[in-house]
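Undergrad: Let me begin by handing over the structure; questions about it come next.
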Amino acid sequence: MRLRNPKLAEYIFDLKLQEMTEYLSEHWTAEKYVDTVDRASFITLTGGDISKGGALLLLDGEWVFVFRLPIDLDADEVKELLVSKMEETYNISN
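Using the numbering used here, read the sequence shown as starting at 4 and increasing by one per residue.
Written out as structure tokens, the structure is:
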């Protein structure tokens, strides 16, 4: 989702994070894995283990991205998936 104001984007990021973790899931920061964005959080269903799937919520300027993560990805595969999806989204919007 592209928002025209970075402050609004940050507000929406926080709301989405709260919404996605309200019941039975947890989140932890992912900036050390995804260091090219302003904020990043992994959302997992059980115990912080991304190998069981989950989601990644990213804030990049005026963009808020939500990516569902398939099961059994390692950190490098997550990065590759995200880079390709983010580039694809940017290209579609421009």
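All residues carry an ideal CB built from backbone N, CA and C; glycine is no exception.
Which of the three DSSP states, helix, strand or coil, is assigned to L61?
TA: Looking at L61 - three-state DSSP - the assignment turns out to be strand.
Undergrad: Roughly how many angstroms separate the alpha carbons of L20 and E91, rounded to a whole number?
TA: Rounded to the nearest angstrom, the two C-alpha atoms are 23 Å apart.
Undergrad: Beta-carbon separation of D63 and D79 under 7 Å?
TA: In this structure, D79 does not lie closer than 7 Å to D63 by Cβ.
Undergrad: Closer than 7 Å by C-beta to T24: which residues in its own chain qualify, once you throw out the five before and the five after it? Chain order, please.
TA: Answer for T24: H30 and I46, listed in chain order.
Undergrad: Could you tell me if S87 is buried or exposed, where buried requires 16 or more neighbouring beta carbons within 10 angstroms of its beta carbon?
TA: With fewer than 16 Cβ atoms within 10 Å of its Cβ, S87 is classed as exposed.
Undergrad: If you check the beta carbons only, do A33 and A43 fall under 7 Å apart?
TA: Closer than 7 Å, so yes.
Undergrad: Distance check for L60 and I15, CA to CA, integer angstroms please.
TA: Their backbone Cα atoms lie some 11 Å apart in a straight line.
Undergrad: I'd like to know whether the C-beta of L18 is nearer than 7 Å to at least one C-beta of chain D.
TA: The structure shown contains no chain D, having only a single protein chain.
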